[in-house]
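Q: Numbering (the working numbering), first residue to last: 1397 to 1645. Note that beta-carbon positions come from the ideal geometry of N, C-alpha and C, so glycine has one too.
#1: Suppose contacts are defined by Cβ-Cβ distances below 8 angstroms. Is residue 1590 in contact with residue 1583 by that definition?
#2: Using only the alpha-carbon positions, how far apart do residue 1645 and residue 1603 sit?
#3: When burial is assigned at 16 or more other CB atoms within 10 Å of the CB, is residue 1585 buried or exposed?
#4: Are the CB atoms of residue 1411 and residue 1454 within a distance shorter than 8 angstroms?
#5: Under three-state DSSP, which class holds residue 1582?
#6: Given that a residue counts as buried once 16 or more other Cβ atoms are within 10 Å of its Cβ, and exposed if not, what is residue 1456?
#7: Quick check on this structure: which residue in 1624, 1409, 1404 has the alpha carbon closest to the alpha carbon of residue 1504?
#8: Per DSSP, which residues does residue 1533 bridge with? Please list them.
#9: Return the residue from the list 1574, 1496, 1467, 1566 that minimises the CA-CA distance to residue 1519.
#10: Hey, does residue 1571 have any beta-carbon neighbour from chain B nearer than 8 angstroms?
#11: Do you know how far the Cα of residue 1609 is from the Cα of residue 1623?
#12: Applying the 10 Å Cβ sphere with the 16-neighbour rule, what's the burial state of residue 1570?
#13: Should the region 1508–1518 be regarded as contacting the region 1553–1573, the criterion being three or more beta carbon pairs within less than 8 angstroms?
#14: In the DSSP assignment, the beta strand (DSSP E) including residue 1519 goes from what residue to what residue?
#15: Between the C-alpha atoms of residue 1611 and residue 1538, what's the straight-line distance to the nearest angstrom?
#16: What does the alpha-carbon distance come out to for the pair residue 1472 and residue 1601?
#17: CA-CA distance, residue 1617 and residue 1548?
#18: Just the Cα atoms here: how many angstroms apart are residue 1580 and residue 1607?
#19: Span of the alpha helix (DSSP H) holding residue 1454?
#20: By DSSP, does residue 1489 sit in helix, in strand, or in coil?
#21: Taking all protein chains shown into account, do 16 or more other C-beta atoms lie within 10 angstroms of the C-beta of residue 1388, making it buried, or fewer, making it exposed?
#22: Throw me the rounded Cβ distance for the residue 1572 and residue 1526 pair, which I believe falls under 8 angstroms.
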């Protein structure tokens, strides 16, 4: 929708093309609450949604695959690229003309913006030597469409980790740093739960958070793959790098 707006479109009809990209649950171009860009939403300071820089200024409406077939089958003009073709669709052009002369598509969106509460759930184990520093382990709790592998599996692993480590604590184990177990809400709608909490406690996290372990989509297929943030390594490297102008470390 953001790209269509930039190209001069007056509106967007969205249909699910599962062979190309997964279904996307919102039109917000960014993360967090679009009515509170850059600051937390739990302080009751919000912009009207239509003034948010992260939301498009043109209407957008999801339509069914059947409706998309009907509309796309009537488009004339230059043939579509091969990679745009959808199985079981009639060959069509890119428009803007329609095969039925005088026909136009009228788009009217009456969806209203409704504020809803989100709830993040926290559990903690206090560290022994550095209780003021945290290791965060998080998983999103919501899903959009076929999201069992993304949210259900991550939540199951999060709960099992919390249960196992709680049993270890009862048996005398105490971690060096504190551990926070977090179940994020609103993950598939711009990671609202995690982003708003991060915006609210950014200074504290910068000083006290040692690491974050994400359990989003933890099990998917056979190969083992992990991604890490290089920020800590970069800070360590820069600390011991000579300053180019002074030759001092």
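A: Reading it off the structure:
#1: yes
#2: Reliability fails at residue 1645, whose pLDDT of 47 lies under 50, so the model's placement of it is uncertain and no value is given.
#3: buried
#4: no
#5: Here residue 1582 sits in coil by DSSP.
#6: buried
#7: Nearest neighbour of residue 1504 by Cα position, chosen from 1624, 1409, 1404, turns out to be 1409.
#8: Residue 1533 is bridged by DSSP to 1577, 1609.
#9: 1574
#10: In the displayed structure, chain B is absent; only one protein chain is listed.
#11: 10 angstroms
#12: exposed
#13: no
#14: 1517–1521
#15: 13 angstroms
#16: 55 angstroms
#17: Rounded to the nearest angstrom, the two C-alpha atoms are 15 angstroms apart.
#18: 17 angstroms
#19: Here residue 1454 belongs to no alpha helix (DSSP H), and DSSP marks it neither H nor E.
#20: Under the three-state reduction of DSSP output, residue 1489 falls in the strand class.
#21: Residue 1388 lies beyond the residue range present for the chain, which begins at 1397 and ends at 1645; the question has no answer from this structure.
#22: 6 angstroms between Cβ atoms; contact.
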